[in-house]
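Report on the following structure.
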Amino acid sequence: MIHSLPVRLPFVAILSLSLLACSPQQKAPAPDPVALLQLVPPADPGKYERIVDMRNWHNPYLVVRTDGVALLDPADSAEVLLKPDEVLPALARLPASAWPYGRVVAVSESGLRGSEQDAVAIRRNKGIVGGILESAHVAIDWVPSA
């Protein structure tokens, strides 16, 4: 039994080191959404300023709501509800094909307001989102709410 102890010790040490080497390493930090969005060309108003029917809008479209901000997904007519601080990362994850007019998003307010408190929440979220987008040099095409 005493002879087997020295043989097991190197085995245990090698096993421990190999497990450490296979353990999950620290993930690289996520790319900065502002830096990623700067890769999108600047907005080209000539490509979108005459759009009247927003069904013809092909860039990202946001709807400011009382409970956050909805990013409209035209592929399946779905809304992805985001917190205001999640807007830039969500926009940065969009493919280059989502930006045919350059770095501009359409933004409207939800037309559904049940109370003055709802109106205040929408104004607050609109101000936050507007500030976030402007600080990231993303142009905003404010669309009247329906």
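Per this note's numbering, the sequence shown starts with residue 3, numbered consecutively.
Note that beta-carbon positions come from the ideal geometry of N, C-alpha and C, so glycine has one too.
In this text, all values refer to a predicted model and were calculated from it rather than measured experimentally.
C-alpha gap between Leu96 and Leu90, whole angstroms: 10 Å
Nonlocal neighbours in the same chain, by C-beta distance under 7 Å from Leu74, ignoring five residues either side: Tyr63, Val65 and Glu81
So, under 8 Å CB-CB, Pro146 and Ser110 are touching, yes? Tell me the CB distance rounded to an integer number of Å. 7 Å
Answer with buried or exposed for Lys128, where buried requires no fewer than 16 other C-beta atoms within 10 angstroms of its C-beta. buried
Mapping the DSSP letters down to three states, classify Asp69 as helix, strand or coil. coil
Less than 8 Å between the beta carbons of Leu39 and Leu93, yes or no? yes
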